[in-house]
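Below: one structure, written as structure tokens.
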Amino acid sequence: MQRYRQYGASYSSPSAPVEEAEAQEEEEEEEDEYAEEEVCEEEEPLVEEGVQDVVQGTGGVNKEEVPQRKEEVTPPVSETEAKVPPVESKNGKRTEGGGDAGGGGGPKYSMFTWFVVLALLGVWSSVAVVYFDIVDYDSVIGKLKAYDTDGDGDFDVEDAKVLLGLREAEKPNVGDSPEKKTVLKPEDVSQPADATSPETWTTEETRSVSGSQDVESEIQAAVPLPPLVEEDFVPDDPRDSTHPYEDDVITIDTMGVLLEETLPEESVVTSGQYLTSSKLSQEAAEKPEPESEKLKETESITEETAEKQTQDKLQEKAKKKKPKLLNKFDKTIKAEIDAAEKLRKKGKVEEALRVFEALVQQYPQSPRARYGKAQAEDDVAEKLRSNDMLQRAINSYREAAELPDVTPDLLRAALKRRAERQQFLGRMRGSLATLEKLVQIFPDDVSLKNDLGVSHLLLGDNKGAKKVYEEVLEAAPGNGFAKVHYGFILKSENKIAESIPYLKEGLESGEPGTDDGRFYFHLGDALQRVGDDSAYHWYELGHRRGHFASVWQRSLYNVNGLKAQPWWTPTETGYTDLVKTLERNWRTIRDEALAVMDQNTGLFVPEEENLREKGEWGQYTLWQQGRKDGNSCQGVQKTCSLLERYTEATGCKRGQIKFSVMQPGTHVWPHTGPTNCRLRMHLGLVIPKHGCRIRCTNQTREWEEGKVLIFDDSFEHEVWQDADSYRLIFIVDVWHPELTKYQRQTLSAI
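For the sequence shown, the numbering used here gives the first residue as 1008, with consecutive numbering after it.
Right, dumping it as structure tokens:
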């Protein structure tokens, strides 16, 4: 979750007055090295001024650029003093009133002094030219500004004496004495002798050592500066804010509620200090004495957590490992491949295809170029809706996989995509062959075996799929994808009780590919068949996941926005003419049905959808998916002629027109139809007086001879036949009345 930051009013200016705070309160606050570098970048002194500073042994600060915090630092200037012409101060800066800090008016130096200064300036300019590549004067002079120890607003010889130990020899961690004129090396300032680790250094210690380095480097004028020591401060990620050293005062918890954190009193800092992102770093910055015991205790507490986080990161990195698609030769033409790939990703697929084709012609043995060509052809096929172009892509994927020196990752990607596109074109057997080859090459890849099992199912080969998933579950017993598919196969074999744990555990795993409405559908159905009321818990969960329109309406092939209700009247459907024709001619329809019920004809076939708990249920189909079913109309010609002018029935590609006969003692499990795009009409032909009923949702009704019942079979319904004789009805499916003409023409058949 993205974190939102809020900064205090004290950070409204990009450059904090760090030097001023230190000049006023040297013993109260500690200087931050990051603040020093920020000020150096914003206040770059002129080269000429820096050279004069070096001549005089100073690294002066431009007082005009440093804001004063207290008015009494600069005494009032009289009107007379204001008229005195400006002169140079001792650090080469021009001041109004002829002096510094209340000095009297008038020239401070004689003409002879200026002559000497100009002469020395020429000498030092020559030295600067000779050592230009060695000494960065801007860096040296800029960093000396922060070491004003006497509070006079600049860095001069007196300040240098303090830092060199001439004035205050008792201060700890001071650099080499002035008698010893050797130059400090980086290893000489690694850390003070009394420090246990770089993290326990105080800001004052760091400033003393680095300050000594800068002064010594200035005196020698020809020695490169060692790098600054910045180990006592851990900044925030600079991408989080423009001020990486500021602490957050407002965060957002995992529930999305804005929380304001109150800072403890001891954490309140002045303008010379900055809160860090680490509590440990903040404590080290506030306390000058090292606390190695607390550090060790904290490290021991967080060691286990850090190790766990490291392992999690490694696992995540392994999951997101970028596939290696380039072999040694492909790496030599990587720039050309990248250029073509860039075109493809920008959507310029035709242009990308031309470039990849040129690369394949120029480098026929390049697997990556040919794979790129296949991808471009795939994209063009998608854009143009061209099956011919898609077939070209399928061939190119195979060619890329068959080239020598192809990397395993490219081989896997090419063949896997080839299998997917073969399935898209309906080439199920070709897809199965491609996946079988993949499994042979990568026998330990469980995901490829799972794909192979799906390919068997798409061919209707449940036996082959079952064998594949048994192998997967033997190697990976917890694989959720294999579990839901294995449970699905067991249920299709009518092994209801055995299928339930596989379906349930697979759905509970939450693995990719398991959150499918079919598995919620079949798990709930299996639970209903064993008398377990928890079925509706899974139906409700499927509804929440968006797989079902409601707990009752559980069809999976739907058009959104259609009116949904379990029972309909003829007027509501708009098909009153069809209903009247059926009811007026019900005896003709009945007689033709009875004529074909002779067992010797074999026209009535048992129900094959495994919907019966018990009993016998036969069907005689006339239209299926909007087409006549063979020569079935020859035996019932009058019935078929009555229906042929009602295209809402005969043209319903998601329905059927059939006779249905159910023998006594039959029970049909609660079930739903596959789609909400149709309504189902039942015309009663032979109905016993008692014992035959149908429930749709929570409403139960009975048939009547010569009357039509209309319901939406995408809602749960159940049938009982407890009469003493058979029940015969005529079933006519019609398009849902709210479907448009275009939808009726373009919807796929079911």
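Backbone N, C-alpha and C fix where the C-beta goes; we use that ideal spot for every residue, glycine too.
By the neighbour-count definition (other C-beta atoms within 10 Å, threshold 16), Pro1374 is a buried residue.
Apart from the 5 residues on each side of it in sequence, Ser1541 sits with its Cβ closer than 8 Å to the Cβ of Leu1534 in its chain, given in chain order. One thing to note: Arg1685 has its Cβ within 8 Å of the Cβ of Val1741. In this structure, DSSP gives Gly1691 an extended state, which the three-state scheme calls strand.
According to the DSSP assignment, Tyr1627 belongs to the beta strand (DSSP E) that extends over Trp1624 to Gln1631. A residue is called buried when at least 16 other Cβ atoms come within 10 angstroms of its Cβ; Ile1448 does not meet this threshold and is exposed. Residue state for Pro1508 is assigned as helix, using DSSP reduced to three classes.
Collapsing the DSSP output to three states places Pro1330 in coil. CA-CA distance, Gly1691 to Asp1598, rounds to 13 Å. Buried is the label assigned to Asn1486, since at least 16 other Cβ atoms lie within 10 Å of its Cβ. Across the structure, Asp1416 and Leu1333 are spaced so that their CA atoms are roughly 9 Å apart.
For Phe1336, the enclosing alpha helix (DSSP H) stretches over residues Lys1335 to Thr1339. Note: Met1669 is bridge-paired with Trp1624 and Arg1734 in the DSSP secondary-structure output.
A Cβ-Cβ separation of about 12 Å leaves Lys1665 out of contact with Ile1596 under the 8 Å criterion. Bounds of the beta strand (DSSP E) holding Val1715 are Val1715 to Phe1718. Comparing alpha carbon positions, the residue from Glu1655, His1724, Val1479 and Trp1624 closest to Leu1735 is Trp1624. Going by C-alpha positions, Val1715 is about 29 Å away from Phe1528.
In this structure, Pro1573 lies near Gln1706, with their beta-carbon atoms less than 8 Å apart. For His1544, the enclosing alpha helix (DSSP H) has its first and last residue at Ala1542 to Arg1551.
Asn1683 sits close to Asn1565, with the two beta carbons spaced by under 8 Å.
By the CB criterion at 8 Å, Gln1728 and Gln1670 fall inside the cutoff.
A direct Cα-to-Cα measurement between Ala1756 and Gly1658 gives close to 10 Å.
Take the alpha-carbon of Met1396 and the one of Arg1552: they are about 37 Å apart. For the set Gln1750, Leu1514 and Asp1539, the Cα lying nearest the Cα of Leu1548 is the one of Leu1514. The DSSP-derived three-state label of Glu1651 is coil.
Ranked by how close their Cα comes to the Cα of Phe1722, the residues Leu1418, Pro1677 and Asp1731 have Pro1677 in first place.
With a contact defined as Cβ atoms closer than 8 Å, Ile1503 and Arg1525 miss out at about 16 Å. If the five residues before and after Asp1522 are omitted, its C-beta is found closer than 7 Å to the C-beta atoms of Arg1552, all from its own chain and listed in chain order.
By the CB criterion at 8 Å, Ala1383 and Tyr1404 fall outside the cutoff. Separation of the CB atoms of Tyr1733 and Val1675 is rounded to 15 Å, and the pair is thereby denied contact status at 8 Å. Going by DSSP, Thr1707 is part of the beta strand (DSSP E) stretching over Gln1706 to Arg1708. Boundaries of the alpha helix (DSSP H) harbouring Arg1424: Pro1415 to Phe1431, taken from the DSSP string. With a beta-carbon spacing of about 16 Å, Ala1347 and Phe1336 fall beyond the 8 Å limit used to define contacts. By the CB criterion at 8 Å, Asp1731 and Pro1681 fall outside the cutoff. Comparing alpha carbon positions, the residue from Glu1481, Tyr1476, Arg1377 and Ala1483 closest to Gly1494 is Tyr1476. By the criterion of a C-beta distance shorter than 7 Å, Ala1400 is surrounded in its chain by Ala1381, Glu1384, Asp1385, Ala1388 and Arg1428, once the five residues flanking it on both sides are discounted.
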